[in-house]
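Here this note's numbering is used: the first residue of the sequence shown is 22, the next is one more, and so on. Notes follow the structure.
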Amino acid sequence: MTDIANILSGAVGDIFEGLGLDRKLGQVRRADRPDLADFQCNGAMAAAKAAKRNPREIAGEVAPKIEALELVESVDVAGPGFLNITVSAAALEGRTTEILADGKAGGGSVETPRNVMIDFGGWNVAKPMHIGHLRSTIIGDSLQRLFRFLGDDVTSDVHLGDWGLQMGLLIVGVSEEQPDLPYFDDNFEGEYPEESPVSMDDLERLYPLYAGKMKAENTVETIEDGKTVYKKVPNPEYREDVRALAQTATAELQAGRRGYRALWKQFCAVTQIGLERECGDLGVQFDLWKGESDANVLLPEIVEDLKSRKVAVESDGAWVIYVERESDKKDMPPFMLLNSQGAVGYHATDMGTILDRKRTNKPDLTLYVVDARQALHFEQVFRAAEIAGYEKEASLEHIGFGTMNGKDGKPFKTREGGVLKLHDFIQQAKDKARERLEETGMGADFSAEERADIADKVALAAIKFADLSNVRTKNYVFDLDQFVAFEGKTGPYLLYAAVRVKSLMRRAKEEGIVAGAMKIELKEERVLALQLDAFEGALKLAYANRTPHGICDHVYNLAQAFSSFWTNAPILKAGVPDDVKASRLALAQATLKQLETGLSLIGIETPERM
Ligand code: ARG
Numbered sequence: 022m023t024d025i026a027n028i029l030s031g032a033v034g035d036i037f038e039g040l041g042l043d044r045k046l047g048q049v050r051r052a053d054r055p056d057l058a059d060f061q062c063n064g065a066m067a068a069a070k071a072a073k074r075n076p077r078e079i080a081g082e083v084a085p086k087i088e089a090l091e092l093v094e095s096v097d098v099a100g101p102g103f104l105n106i107t108v109s110a111a112a113l114e115g116r117t118t119e120i121l122a123d124g125k126a127g128g129g130s131v132e133t134p135r136n137v138m139i140d141f142g143g144w145n146v147a148k149p150m151h152i153g154h155l156r157s158t159i160i161g162d163s164l165q166r167l168f169r170f171l172g173d174d175v176t177s178d179v180h181l182g183d184w185g186l187q188m189g190l191l192i193v194g195v196s197e198e199q200p201d202l203p204y205f206d207d208n209f210e211g212e213y214p215e216e217s218p219v220s221m222d223d224l225e226r227l228y229p230l231y232a233g234k235m236k237a238e239n240t241v242e243t244i245e246d247g248k249t250v251y252k253k254v255p256n257p258e259y260r261e262d263v264r265a266l267a268q269t270a271t272a273e274l275q276a277g278r279r280g281y282r283a284l285w286k287q288f289c290a291v292t293q294i295g296l297e298r299e300c301g302d303l304g305v306q307f308d309l310w311k312g313e314s315d316a317n318v319l320l321p322e323i324v325e326d327l328k329s330r331k332v333a334v335e336s337d338g339a340w341v342i343y344v345e346r347e348s349d350k351k352d353m354p355p356f357m358l359l360n361s362q363g364a365v366g367y368h369a370t371d372m373g374t375i376l377d378r379k380r381t382n383k384p385d386l387t388l389y390v391v392d393a394r395q396a397l398h399f400e401q402v403f404r405a406a407e408i409a410g411y412e413k414e415a416s417l418e419h420i421g422f423g424t425m426n427g428k429d430g431k432p433f434k435t436r437e438g439g440v441l442k443l444h445d446f447i448q449q450a451k452d453k454a455r456e457r458l459e460e461t462g463m464g465a466d467f468s469a470e471e472r473a474d475i476a477d478k479v480a481l482a483a484i485k486f487a488d489l490s491n492v493r494t495k496n497y498v499f500d501l502d503q504f505v506a507f508e509g510k511t512g513p514y515l516l517y518a519a520v521r522v523k524s525l526m527r528r529a530k531e532e533g534i535v536a537g538a539m540k541i542e543l544k545e546e547r548v549l550a551l552q553l554d555a556f557e558g559a560l561k562l563a564y565a566n567r568t569p570h571g572i573c574d575h576v577y578n579l580a581q582a583f584s585s586f587w588t589n590a591p592i593l594k595a596g597v598p599d600d601v602k603a604s605r606l607a608l609a610q611a612t613l614k615q616l617e618t619g620l621s622l623i624g625i626e627t628p629e630r631m
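Now the structure itself:
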């Protein structure tokens with residue numbers, strides 16, 4: 022089962038081939054001008070060039086053969102040789118009937134499923150989970166849903182940042198605040214307490230506190246002569262010893278000091294519990310909760326291997342892999358395996374992770390959904406992995422994304438200018454959604470519990486749709502008021518559209534209307550049927566380019582097509598013949614099915630009513 026464009030492409034390809042032309046030129050796609058036709062084929066022009074013939078003549082030869090196809094109503098030759106194809110009502114009736122019966126609502130499947138690893142989330146233990154990781158989580162989740170839906174075998178990995186200097190810093194912090202804990206006693210031989218000595222709140226307080234102590238100077242923003250200037254001033258919190266203490270603690274932790282390991286495990290466990298709660302709230306699930314530390318166990322082996330094969334070479338006391346190429350237009354520094362202090366860092370960790378995944382999950386493709394500002398890092402790592410022979414560069418992809426900015430055009434912050442925590446951000450959206458629902462009077466007579474559930478769904482729909490409907494690589498401005506609105510191209514508008522169809526279904530049921538054979542007669546019915554047919558193409562494109570905004574566009578266009586259909590093709594109105602009611606109800610059912618399927622691929626759940 023596939024969409025009409027695909028079926029037509031096959032049939033028109035046959036026609037081209039029958040005339041001694043390249044069958045690939047018979048490719049048919051949705052019309053650029055839906056007012057003129059449903060589909061178009063532009064192959065006559067290229068075919069004419071290849072055969073040194075007149076394109077209109079070729080189009081004229083092909084057209085009647087296309088018109089003779091069962092699916093086709095009429096074909097026009099336009100301009101230099103465009104073939105404009107209008108399909109028959111029967112073709113649309115057949116296709117919509119298929120979509121209604123299909124478990125995937127006409128979404129299709131990939132031809133050859135692959136084993137795909139998606140690395141997203143990427144929060145760091147202790148460092149507050151801030152808004153910057155939100156985009157990774159939302160986009161990564163949408164991609165995992167889409168890839169899985171189309172048939173790939175997907176494994177998602179949160180890849181926690183659990184192994185850097187921040188760990189040593191926290192150990193120092195805890196050891197200074199609670200020096201009597203057994204973790205710091207070298208003579209302690211018993212079991213460490215089961216309960217964590219620190220909470221998530223402690224970690225979120227300690228990290229910035231101790232990170233602050235490492236900074237000798239602060240940058241302050243002042244206005245001089247009407248201009249903003251940045252000045253460095255001494256930091257009163259600064260302590261000269263903290264960095265060295267943190268470095269030592271980190272090295273000891275990595276070397277396996279027993280108490281530090283036990284304490285670190287608590288940091289990770291506490292963070293994971295917090296994150297899992299946050300993810301549950303967002304409706305996001307990860308298959309693996311691995312971290313940078315999991316890669317680190319492989320690093321001694323990797324260092325040894327790369328040194329002995331002379332893949333890594335010594336440079337100023339560091340060990341590096343040169344990754345630059347003739348064709349590089351930008352500066353391409355080497356991949357850093359070990360720095361001049363002999364320590365491993367972010368490059369090496371990612372290399373370890375690649376090898377770990379190669380041995381455990383054996384992915385055909387790995388997607389890294391990470392801020393676009395890390396593009397150079399991934400370029401270096403992917404090239405180095407190929408040079409090392411660990412993984413094909415082509416199977417590793419950085420799925421970069423732009424920054425989410427506040428209305429001032431700067432990265433989104435709290436009103437006080439601090440880093441906004443994910444939890445607080447979601448709460449703000451929920452409060453706003455509740456406010457908006459109250460204003461509109463929606464759900465006024467529902468129970469408090471149901472109203473709260475609806476507000477939560479509206480808030481998440483607003484956040485996710487706003488994020489995903491933007492072109493992934495671009496920065497965008499987050500405007501909560503605009504995104505929580507029920508009008509415009511927003512998540513709440515789509516929820517409302519889906520709920521309207523659900524309520525229509527309930528009323529039709531009450532009136533004893535039963536869905537029946539599809540009959541596409543009105544223009545609005547045609548438009549809706551063609552939109553339903555476009556789902557598969559939209560998903561394939563979003564899949565190929567890793568761009569969930571294509572799904573957003575599709576569900577929005579579908580909701581719009583349904584809205585005109587609803588206005589012009591009444592179902593519940595007296596006087597509408599029974600068979601027409603039955604057909605329209607079936608179309609509405611197919612729409613709801615596809616709308617909910619499409620929304621689920623962008624992680625949006627619809628309430629029953631609102
Ligand atoms: N923890 C990193 C950060 O906050 C992101 C990790 C991304 N994934 C990766 N395999 N490097 O920037």
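Glycine included, C-beta positions come from ideal geometry on N, C-alpha and C. Everything numeric in this text was worked out from a predicted model, so none of it was measured.
Cβ-Cβ separation between L29 and F37: approximately 12 Å, too far for a contact (criterion under 8 Å). With contacts defined by Cβ atoms closer than 9 Å, F170 and G128 form a contacting pair.
Taking the Cβ of Y389 as the reference point, at least one heavy atom of the ligand ARG falls within a distance shorter than 8 Å. Per DSSP, Y251 is one residue of the beta strand (DSSP E) stretching across 248-255. As computed with DSSP, C62 is found in a beta bridge with L104.
The C-beta separation of A58 from N105 comes to about 4 Å, placing the pair in contact by the 8 Å criterion. Contiguous beta strand (DSSP E) elements confined to the segment 25-95 occur at 60-62, taking only those with 3 or more residues. Proximity of the beta carbon of W310 to the ligand ARG is not indicated: no heavy atom of the ligand is located closer than 8 Å.
Taking the Cα of L543 as reference, the smallest distance to any Cα among A369, Y514, P591, M221 is reached at P591. Closer than 8 Å to some heavy atom of the ligand ARG: that describes the Cβ of N145.
With respect to R54, A26 sits apart: the two C-beta atoms are not nearer than 9 Å. The nearest non-hydrogen atom of the ligand ARG is 8 Å or more from the C-beta of T158. In the DSSP assignment, G233 falls within the alpha helix (DSSP H) that extends over 221-234. The segment 341-391 contains, as complete alpha helix (DSSP H) runs of 4+ residues, the segments 367-381 (chain order). For E418, no alpha helix (DSSP H) run applies; the uninterrupted beta strand (DSSP E) run containing it begins and ends at 417-422, by DSSP.
For V131, there is no enclosing alpha helix (DSSP H), as DSSP gives it neither H nor E. Collapsing the DSSP output to three states places G338 in coil. Within the DSSP bridge table, the entry for T243 names V250 as partners. In this chain, the beta strand (DSSP E) harbouring T176 covers 174-178. Secondary structure of I323 (DSSP, three-state): helix.
Cβ-Cβ separation between A267 and V193: approximately 5 Å, consistent with a contact (criterion under 8 Å). Taking the Cβ atoms as the reference, G142 lies roughly 27 Å from S130, outside the contact range of under 8 Å. Judged by DSSP in its simplified three-state form, V498 adopts strand. Checking the 8 Å criterion, the Cβ of H575 is out of range of every heavy atom belonging to the ligand ARG.
The beta carbon of K453 is closer than 6 Å to those of L501, V505 in its chain, skipping five residues each way along the sequence. In this structure, DSSP gives P200 a state outside helix and strand, which the three-state scheme calls coil.
Around the beta-carbon of Q362, fewer than 16 other beta-carbon atoms lie within 10 Å, marking it exposed. The Cβ neighbour count for G34, taken over all protein chains shown within 10 Å, is at least 16; the residue is labelled buried. Membership of R630 in any alpha helix (DSSP H) is not indicated, and neither H nor E is assigned to it by DSSP. Using a Cβ-Cβ distance cut-off of 8 Å, the segment 466-476 and the segment 183-201 are not in contact, since fewer than three pairs of beta carbons, one from each stretch, lie closer than that value. Classified as exposed, E238 has fewer than 16 neighbouring CB atoms from the shown chains inside 10 Å of its CB. In the displayed model, L543 falls within coil according to three-state DSSP, outside both helix and strand. For Y367, the distance from the CB to the nearest heavy atom of the ligand ARG is below 8 Å.
Bounds of any alpha helix (DSSP H) do not take in I592, whose DSSP letter is neither H nor E. In this structure, V137 places its C-beta atom within 9 Å of the C-beta atom of F168.
The beta carbon of R457 sits closer than 6 Å to the beta carbons of V505 from its chain, once the five residues preceding and following it are set aside; these are given in chain order.
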